[in-house]
Amino acid sequence: MMHYEEEYDLVLFPQTFYPDVDATAKLMTDLAEFLVKKGKKVLIVTPNRSFERPNLRYPEFEIIDDIHVHRIKVPKLDKNNALQKILLFYLFSTKAKRFLKKLNYKVAMAILPPFFVAYKTLKVTKKKGKKFIFLLHDLYPDSLVKWKRVSPNNPLVILLKKYNNYIFRNSDKTIFVGRDQIEYVKENYGVSNEKIEFIPNWAKDLKESFIKNDSIKEKYYKPGFNVLYAGNIGEAQVKSLEKVIKLMKNEKLVANSINLILVGQGRRKDYLINMAKETSNVYFFDYVYDFSDYQNLIYFSDCCLVSMRDESKGMSVPSKTYYYLSGGKPILADVPVNSEVDILLRENNVGINITKLNEEEAIENILMLKNNKEYYKELSKNARKAFEDKYSKEVALESYLRVVENLL
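Just so we're aligned: the sequence shown equals residues 20 to 427 in our numbering.
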């Protein structure tokens, strides 16, 4: 049962949280666990239904490893339907605002996405004279406009950009997960340097508590060199994945047993399945929910694919990148030049970005990954080192702790 008189160091408003296993749920669960272990009193406010599987309902209130979790009742809505998704975000934000007014807390923190939540919880927090952290994962509505999914004159776009302006001006700290995001926001919104924190996302150590399971290799992988893509298959990824699937039809890649394994869900998955139906070396599977299965999925891959359309530069950073590094896997990327992933690849020498290569150059680079063992070994070693030095859970969460403690 919720006790409103308790004072929380941090109230956090994620769209998803444990026991969900999507990227945001994993990140926010890690963050809450870490802060609680450091002696902070943390309350999670999140919907009572799974975002990915809305048939799953969770308890209204529970304590998970000393983390207080309050779940707000929302209807069963489909995130792959645009109107239902907006309605879900709106209902969650309205109820979250109402709930926050009752609470005693020092710092509130909200994330984009979901829409509306950061704006409404910041308004309450300002009135209470408390501190506010804004965590930018994906920059909406700007990304939708850049993808030409909505008009810049759409009333909802105008409203959400107005909200963003307010959030960037009034948050005590804004945490960016990509350096390209900082550049874009400075140019298009304006945010003062003293409010900016760059903290990359992170991954759990895939080597920790790892138990090898050969059945995963048998289920997902084929003989040869297997390129894994594990994640969402939506608008943000479809152009790039389409390009890589077309590349896989090349005779040299087929002859060298280069396979593309796509594991995930999303609104454009059926389109890509249809497009690849006559391609002999492209395989599709459903999202993997079990973490030990996910560990094995990456373990048995040879390299991992990160895709991102050009219009997504400055908008978001694919979290899967850090899991690939954790597994010590070279990265094959098709991402915009000077995006966060491109910067990461060049800084740490952990993979190849094929975005500006012609077809023949891209094929030769993929074949070099397969056939040049020393080169492959060097990239693998660099990937694991980059994870340990920069993108491990411990490194990132210490940065979050510093930000929170400076506001308490």
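The beta carbon of each residue, even a glycine, is placed where N, CA and C say it ideally should be. Note that the structure is a prediction, hence the values are computed from the model and not measured.
Check: residue i C-beta below 8 Å from any heavy atom of the ligand SAH
i: E254; result: Annotation note on the ligand SAH: not contained in the displayed structure, which lists no ligands.
Beta-carbon gap between residue i and residue j smaller than 9 Å
i: K226; j: G346; result: yes
i: A415; j: N367; result: no
i: R117; j: I362; result: no
i: P219; j: E379; result: no
i: I235; j: D289; result: no
i: A255; j: R328; result: yes
i: P133; j: Q34; result: yes
i: D28; j: L351; result: no
i: I371; j: Y343; result: no
i: A249; j: I186; result: no
i: D49; j: K223; result: yes
i: V40; j: F310; result: yes
i: F304; j: K238; result: yes
i: S338; j: T65; result: no
i: A405; j: V354; result: no
i: Y208; j: F319; result: no
i: Q314; j: F229; result: yes
i: F36; j: V88; result: yes
i: S331; j: W221; result: no
i: K412; j: F53; result: yes
i: E26; j: Y109; result: no
i: V423; j: S335; result: no
i: Y482; j: N269; result: Not covered by the structure: residue 482. The range shown for the chain is 20 to 427.
i: D84; j: V55; result: yes
i: D157; j: Y203; result: no
i: L141; j: S211; result: no
i: G333; j: G285; result: no
i: E216; j: S418; result: yes
Residue i - partner residues in DSSP beta bridges
i: F244; result: I277
i: N352; result: This sequence places Ala at residue 352; Asn is not what is there. Paired residue(s): V325 and N372.
i: K192; result: I152
i: M428; result: What the structure shows of the chain is the stretch from 20 to 427, and residue 428 is not part of that stretch, so it cannot be assessed.
i: N123; result: E26
i: A222; result: S411
i: F303; result: L281
Cβ separation of residue i and residue j, assumed to be a contact under 8 Å, to the nearest whole Å
i: S399; j: P349; result: 6 Å
i: I280; j: V246; result: 7 Å
i: K31; j: A51; result: The sequence shown places Leu at residue 31, not Lys. Right, the Cβ-Cβ distance comes to about 7 Å (below 8 Å), so this counts as a contact.
i: K139; j: A115; result: 7 Å
i: N179; j: Y159; result: Looking at the sequence provided, one finds Leu at residue 179 rather than Asn. That pair is a contact at about 6 Å.
i: R395; j: L388; result: In the sequence on display, residue 395 carries Tyr and not Arg. Indeed they touch by this definition, with Cβ atoms about 6 Å apart.
i: K121; j: V143; result: Not quite, the Cβ-Cβ distance comes to about 10 Å (not below 8 Å), so this is no contact.
i: V356; j: T374; result: 6 Å
i: I86; j: F111; result: About 19 Å separates the two Cβ atoms, so there is no contact after all.
i: R68; j: K95; result: 6 Å
i: I194; j: L163; result: At roughly 22 Å, the Cβ-Cβ gap does not stay under 8 Å, so I194 and L163 are not in contact.
i: Y308; j: G283; result: Not a contact, Cβ separation roughly 11 Å.
i: V273; j: N300; result: 6 Å
Chain B contact for residue i (CB, 9 Å cutoff)
i: K396; result: Reference to chain B is not applicable here, since this structure consists of a single protein chain.
Exercise. Any chance the segment 151 to 163 sits against the segment 113 to 131, with 3 or more Cβ pairs inside 8 Å?
Worked result: yes
For this session: Can you check the segment 248 to 301 for any alpha helix (DSSP H) of at least 4 residues that lies completely inside it and give the ranges in chain order?
Result: 254 to 267, 270 to 274 and 288 to 294
For this session: Please specify which runs of the alpha helix (DSSP H), each continuous and at least 4 residues long, are wholly inside the segment 52 to 136, giving them in chain order.
Result: 101 to 119
Exercise. Pairing CB atoms from the segment 320 to 336 with CB atoms from the segment 258 to 267, are three or more of them under 8 Å?
Worked result: yes
Exercise. What runs of the alpha helix (DSSP H), each 4 residues or longer, lie entirely inside the segment 157 to 220?
Worked result: 161 to 165, 174 to 189 and 198 to 207
Exercise. Can you list the alpha helix (DSSP H) stretches of 4 or more residues lying completely in the segment 375 to 400, in chain order?
Worked result: 378 to 390
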